[in-house]
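Q: Next up is a structure, given as structure tokens.
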Amino acid sequence: MASPLDVVILAAGQGKRMHSALPKVLHPLAGEPLVAHVLASVRALAPRAMALVVGHGAEVVERALAAPDLTFVRQNPPRGTGDAARVALAELPSDGVALVGLGDVPLVPAEALASIAEIAQAGRVGLLTARVRDPFGLGRVVRGPAGDVQAIVEETDATPSQRAIGEINTGFIAAPAAQLARWLSRLTPHNAQGEYYLTDVVAMAVADGVPVEAHVVTDEASVLGVNDRAQLAALERVLQRRKANALMLAGTTIVDAERIDIRGSLQCARDVTIDVGCVFEGHVRLADGAHVGPYCVLRDVIVGERTRIEAYSHLEKATIGAQCRVGPYARLRPGAELADDVHIGNFVEVKASTLGQGSKANHLAYVGDATLGSRVNFGAGSIIANYDGANKHRSVIGDDVHVGSNCVLVAPITIGAGATIGGGSTIVKEAPGGQLTLARAPQVSNARWKRPRKKG
Ligand code: UD1
Ligand code: CA
């Protein structure tokens, strides 16, 4: 039987090269903290225990990542990756296999972690390495004449010939826990950076006659670390490109795969089209034939079949039925619920309101805290005054109501089914169904009036 697996992820460093008040591992990649991506890969292995080493900004990191299956271990002060691993292993059981990895390598694949864990299960040291085009700044994997792994040498400690090595340490290593703890206890900071290097464990294992077996990753991007914001942005594009590819291969048209940002989950049914520059956050679902025009932001939104979201629309926590038309320049705020065939036009804002089938608010309107029936026509420039300065009130507008242009409906208000509200009205009490209600100064004309003329 395989021995139990315990995982340690290192996240105590400050991330100086980020020049940020936010700890590096909390910088978002596709909307999730960097280290959350690493933890997601680790969780796929279903380890017995999972520990995160925190130090710089520990409270913030712990708050952001708190989860029942995650233990936090504090490293104070951060004295190197080897010191961090040592502190964490002391908190974990020593009867199993330990996998130690870095919190700043977000795209590390779960399968690669599984394969080094397996090497460790067999009593050897499993090391995740990669051949990269530009190894600058990374630990180099030094192999012997027979190709066996002998040591890892950090950039700052490497000789010129070692710097020419293209195989690098990705930062993930697995070994029998008790042995790893022993090696870590023997580390010294005798190197250019004066730190305890986790990577020194490799030469120690070799010296003790424990073979180190490398699992070499071929997809370079999946093991790149993030040390500065340029690397963060580069990995963001890699991840976005992957998400876009997966969607396209499953049948979504993405007009330009380089110009889409998915910061959460985006589910697309068949024949969905997404134009350039759109941002999807939280959980977004687009039904068959849905179309999202250019430069839209959708956060936690459900879009029905054949609905068109036109350019520059901003939708948040909204549910939209089938065959609707939203935008261009529409804003749906939390609690906007549109039934089928609803039209929301330019510069229309809808908040915490339900619009029944076939209702329309096509131009320059505000619908807040209201229930609108079916086939309501909400005129240009009309608004629901839902807020009295202290409290918000709900309004009810029946089926087939026509609200003319430039009306103010002062909430709470009820407008009966089939009512027509004349343009320019300020409605403060119930308007009965089926009738025309007008609340504006009557129009007067003065035949004797003369336009003033300029004197002199
Ligand atoms: C490290 C490796 C290097 C490897 C590279 C891959 C070492 C000595 N070097 O270098 O071989 O090629 O990653 O990306 O291991 N951390 C702590 N406590 C500390 C120091 C660091 O928890 O005392 C954490 C950091 O928060 C970070 C991770 O360890 O998440 C890596 O630290 P970093 O300083 O970025 O190491 P690199 O210089 O990138
Ligand atoms: Ca790093």
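In terms of our numbering, the sequence shown is residues 662 to 1117. Virtual Cβ for every residue (Gly too), placed ideally from N, Cα, C.
(1) Chain C beta carbons: is any one of them nearer than 8 Å to that of Thr1032?
(2) From Leu910 to Gln1018, what does the alpha carbon distance come to, in whole angstroms?
(3) For the beta strand (DSSP E) that Leu999 lies in, which residues bound it at each end?
(4) Who does Arg992 pair with in a DSSP beta bridge?
(5) Ligand 2 and Leu763: does any heavy atom of the ligand fall closer than 7 Å to the residue's C-beta?
(6) Using a Cβ-Cβ cut-off of 6 Å (strictly less than) and excluding sequence neighbours within five positions of Gln675, which residues of its own chain qualify?
(7) Any heavy atom of ligand 2 within a distance shorter than 7 Å of the CB on Gly743?
(8) What do you reckon, is the C-beta of Asn888 under 7 Å from a heavy atom of ligand 2?
(9) What are the start and end residues of the beta strand (DSSP E) that includes Ser1086?
(10) Comparing C-alpha positions only, which one of Ile1045, Ala991, Val802 and Val1037 sits nearest to Glu874?
(11) Any heavy atom of ligand 1 closer than 7 Å to the CB of Thr831?
(12) Report yes if the C-beta distance between Leu885 and Gln892 is below 8 Å; otherwise report no.
(13) Counting beta carbon pairs with one atom in the stretch 1060-1071 and one in the stretch 1029-1043, are three or more of them shorter than 8 Å?
(14) Whose C-beta lies closer than 6 Å to the C-beta of Leu947 among residues of the same chain, with five residues either side of it excluded?
(15) Is the closest heavy atom of ligand 1 to the C-beta of Arg740 under 7 Å?
(16) With Ala778 and Leu666 assumed to form a contact (beta carbons below 8 Å), what rounded beta-carbon distance in angstroms separates them?
(17) Let's see if you can read the secondary structure: which residues bound the beta strand (DSSP E) around Pro837?
(18) On the three-state DSSP scale, how would you describe Ser926?
(19) In the structure shown, what three-state DSSP assignment does Ala603 receive?
A: According to the structure data:
(1) Considering every chain present, this structure includes no chain C. It has just one protein chain.
(2) 34 Å
(3) Ala997 to Leu999
(4) His975 and Glu1010
(5) yes
(6) His717
(7) no
(8) yes
(9) Where Ser1086 is concerned, there is no enclosing beta strand (DSSP E), given that its DSSP letter is neither H nor E.
(10) Val802
(11) yes
(12) yes
(13) yes
(14) Cys929, Val933 and Val964
(15) yes
(16) 5 Å
(17) Glu828 to Pro837
(18) strand
(19) Beyond the ends of the chain as shown, which are 662 and 1117, falls residue 603; an answer cannot be given.
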